[in-house]
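Colleague: Residue numbers (my numbering), protein chains in the order written: chain A, 14 to 373; chain B, 2 to 109. Backbone N, C-alpha and C fix where the C-beta goes; we use that ideal spot for every residue, glycine too. I have a structure I would like to understand better, so I am pasting it below and will then ask my questions one at a time.
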């Protein structure tokens, strides 16, 4: 059976940061990803990041992903396993994997789960028509594969993802019919909203999708105004012609491995769904299993990188590999609280409080 | 439709390969997933749902949601949003659940 000290599952911003942190302490790390490249969803982030210099503000997500991936590939303490899917982690520390149709068993003394998140659906009639895609899917199609998703897109959700992807669609030469937002206000940063408004895209707040239309593929959608009770108001319907509808209505943590590994889970709406209860070392209730990034509660890439680092140091410290752990932990926690400060961090702060409230 | 010009990204020239969708030749670019090649050719209906026989396309495009399952070279339930094209590949809209192929080898 293969052996490793720390297995990291998922090589996006959190997993790469966890692997690099643990490896810098001298731990043997195996970094596992189902794709044939490292970087996770950073590969489609063409926009420049926010935050402070410490979190690489002003640098495009793609460039951050490439830099972290290059460092992980050349790190002598990190073994990279690509096109490899983690299947299960058992109480005797055996991690099972599938790689290119081969079944592999690996003894991993510690496990860091950084599996990310998946996009949420929205319930309305005909929401399964081809042409209705997650916002991240549209980003992947155009920013990674260079294919236009369609001619005219209706964007659902005016949070940062909805606004940024709308702008990226315009950059790729695709029309955006409108951005529809259920809340009475725009959730994302004003700078993104202003950019797309200047390019002539209306943002319809207090609106939602009544239904989608089309025979075999999407041809249009009816949107309507919604009241404070979240119900549609008859008589306010508007038909919008579109061949793509993009759902940017949030993400849910990808937690299958955590459930399977026996972690105690809790539903926290503000964190995107079920998350593993964890302490401030990011260790779950399953001893030796750590979690970071969107899998620990949906946030964004900057905090995923800091959280990943903390999880990597914690896992290494639990093996006696990180002598200055307390200092490294304090630094990471300070950066996380900076990133979560102010009104934009309110949701995640509430979510983490709810997670901890019943954890103790 | 392929993106011709982009203010930030450049898409390097890639070797062209041919895949067959329901018998029809489709031009694809080496290294891209099947769903991307089909979408560029205007094909959005990838399968018909198992119970209601409704048309389905992809949804997440990164291998999470299983909305895009197709029959590829005779193997059903292939996630075409992450499965890369190979020259001469035969791709069909999936109807029903399909019969799983035999599993691969063992190591360990």
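Taking 9 Å as the CB-CB limit, is residue 109 of chain B close to chain A?
Modeller: Note that residue 109 of chain B scores 48 on pLDDT, short of 50, meaning its location in the model is unreliable and no value can be drawn from it.
Colleague: Secondary structure at residue 202 of chain A, three-state DSSP: helix, strand or coil?
Modeller: Here residue 202 of chain A sits in coil by DSSP.
Colleague: In terms of residues, what are the limits of the alpha helix (DSSP H) holding residue 196 of chain A?
Modeller: Counting along the chain, residue 196 of chain A falls outside any alpha helix (DSSP H), and DSSP gives it neither H nor E.
Colleague: So residue 33 of chain A packs on residue 84 of chain A, CB below 8 Å; how close in whole Å?
Modeller: Contact holds; Cβ gap of about 6 Å.
Colleague: Around the Cβ of residue 312 of chain A, are there at least 16 other Cβ atoms within 10 angstroms (buried) or fewer (exposed)?
Modeller: Its Cβ being crowded by 16 or more others within 10 Å, residue 312 of chain A is buried.
Colleague: Residue 254 of chain A lies in the alpha helix (DSSP H); which residues open and close that run?
Modeller: Where residue 254 of chain A is concerned, there is no enclosing alpha helix (DSSP H), although the beta strand (DSSP E) it sits in stretches over 251-254.
Colleague: What in chain B is Cβ-close to residue 230 of chain A, meaning under 8 Å?
Modeller: Chain B residues near residue 230 of chain A: 45, 46, 56 and 58.
Colleague: Where residue 257 of chain A and residue 341 of chain A are concerned, what is the direct C-alpha to C-alpha distance, given to the nearest angstrom?
Modeller: One C-alpha to the other measures close to 46 Å.
Colleague: When we look at the beta-carbon of residue 36 of chain B and count the other beta-carbons within 10 Å, is it buried (16 or more) or exposed?
Modeller: Buried: at least 16 other Cβ atoms inside 10 Å.
Colleague: Run the CB neighbour count on residue 168 of chain A, radius 10 Å, all protein chains shown included, and call it buried at 16 or more, exposed below.
Modeller: Buried, by the Cβ-count rule.
Colleague: Tell me residue 19 of chain B's beta-bridge partners as DSSP assigns them.
Modeller: Partner(s): B:28.
Colleague: Judging by CA-CA distance, which residue of A:349, A:314 and A:354 is the nearest neighbour of residue 61 of chain A?
Modeller: The shortest Cα separation from residue 61 of chain A among A:349, A:314 and A:354 belongs to A:314.
Colleague: Taking the CB atoms as reference points, tell me whether residue 306 of chain A and residue 129 of chain A lie closer together than 9 Å.
Modeller: Their beta carbons are under 9 Å apart, which means residue 306 of chain A touches residue 129 of chain A by this criterion.
Colleague: Residues in the same chain with beta-carbon distance under 6 Å from residue 109 of chain B, minus the five sequence neighbours each way, listed in chain order, please.
Modeller: Here the model assigns residue 109 of chain B a pLDDT of 48, short of 50, so the residue's position is not dependable and the matter cannot be decided.
Colleague: Are the region 150-158 of chain A and the region 216-231 of chain A touching by the rule of at least three beta carbon pairs closer than 8 Å?
Modeller: Taking 8 Å as the limit for Cβ pairs, the verdict is that the region 216-231 of chain A does not touch the region 150-158 of chain A.
Colleague: What does the alpha-carbon distance come out to for the pair residue 16 of chain B and residue 29 of chain B?
Modeller: Going by the C-alpha atoms only, they are around 9 Å apart.
Colleague: Roughly how many whole angstroms lie between the Cα atoms of residue 17 of chain A and residue 26 of chain A?
Modeller: Going by the C-alpha atoms only, they are around 21 Å apart.
Colleague: Does any residue of chain A bring its CB to less than 9 Å from the CB of residue 64 of chain B?
Modeller: Taking Cβ atoms only, chain A reaches closer than 9 Å to residue 64 of chain B, which makes this a yes.
Colleague: For residue 77 of chain B, would you say it is in contact with chain A, using Cβ-to-Cβ distances shorter than 9 Å as the test?
Modeller: Chain A contact via Cβ: absent.
Colleague: So what does DSSP say about residue 94 of chain B, is it helix, strand or coil?
Modeller: If DSSP states are grouped into helix, strand and coil, residue 94 of chain B belongs with the strands.
Colleague: Using beta carbons (cut-off 9 Å, strictly below), is residue 5 of chain B in contact with chain A?
Modeller: It does: the Cβ of residue 5 of chain B has a partner Cβ on chain A nearer than 9 Å.
Colleague: Since residue 103 of chain A contacts residue 124 of chain A with CB under 8 Å, what's their CB separation in whole angstroms?
Modeller: Residue 103 of chain A to residue 124 of chain A, Cβ: 10 Å. No contact.
Colleague: What does residue 97 of chain A pair with, by DSSP beta-bridge criteria?
Modeller: BP columns for residue 97 of chain A point to A:112.
Colleague: Just to check my reading of the structure: residue 43 of chain A and residue 92 of chain A have Cβ atoms closer than 8 Å, yes? What is that Cβ distance to the nearest angstrom?
Modeller: Going by Cβ atoms, the distance from residue 43 of chain A to residue 92 of chain A rounds to 5 Å, so yes, they are a contact pair.
Colleague: If you draw a straight line from the alpha carbon of residue 337 of chain A to that of residue 21 of chain A, how long is it in whole angstroms?
Modeller: Roughly 21 Å between the two C-alpha positions.
Colleague: Apply the 10 Å Cβ neighbour rule to residue 297 of chain A and answer buried if 16 or more other Cβ atoms are within range, or exposed otherwise.
Modeller: With 16 or more other Cβ atoms within 10 Å, it is buried.
Colleague: Would you say residue 84 of chain B lies against chain A (beta-carbon separation less than 9 Å)?
Modeller: So no, residue 84 of chain B is outside the interface.
Colleague: Quick check on this structure: which residue in A:186, A:270, A:278 and A:353 has the alpha carbon closest to the alpha carbon of residue 8 of chain B?
Modeller: Comparing Cα-Cα distances from residue 8 of chain B to each of A:186, A:270, A:278 and A:353, the minimum goes to A:186.
Colleague: Using a Cβ-Cβ distance under 9 Å, would residue 22 of chain B count as near chain A?
Modeller: By this cut-off, residue 22 of chain B is not an interface position.
Colleague: Which term fits residue 132 of chain A, buried or exposed, when burial requires 16 or more other beta carbons within 10 angstroms of its beta carbon?
Modeller: Residue 132 of chain A should be labelled buried.
Colleague: Please state whether DSSP places residue 209 of chain A in a helix, a strand or coil.
Modeller: Helix.
Colleague: Could you spell out where the beta strand (DSSP E) holding residue 132 of chain A opens and where it closes?
Modeller: Residues 130-132.
Colleague: Please work out which residues of its chain come closer than 7 Å, Cβ to Cβ, to residue 330 of chain A, disregarding the five sequence neighbours upstream and downstream, and give them in chain order.
Modeller: Around residue 330 of chain A: 338.
Colleague: Is any beta-carbon of chain A found at less than 9 Å from that of residue 31 of chain B?
Modeller: No, its Cβ sits nowhere closer than 9 Å to a Cβ of chain A.
Colleague: Leaving out the 5 sequence neighbours to the left and right, which residues in its chain are closer than 6 Å to residue 328 of chain A when beta-carbon positions are compared?
Modeller: Here the set comprises 19, 35, 123, 125 and 303.
Colleague: Among A:254, A:213, A:96 and A:278, which residue has its Cα nearest to the Cα of residue 23 of chain A?
Modeller: Looking at the Cα atoms, A:96 is the closest of the given residues.
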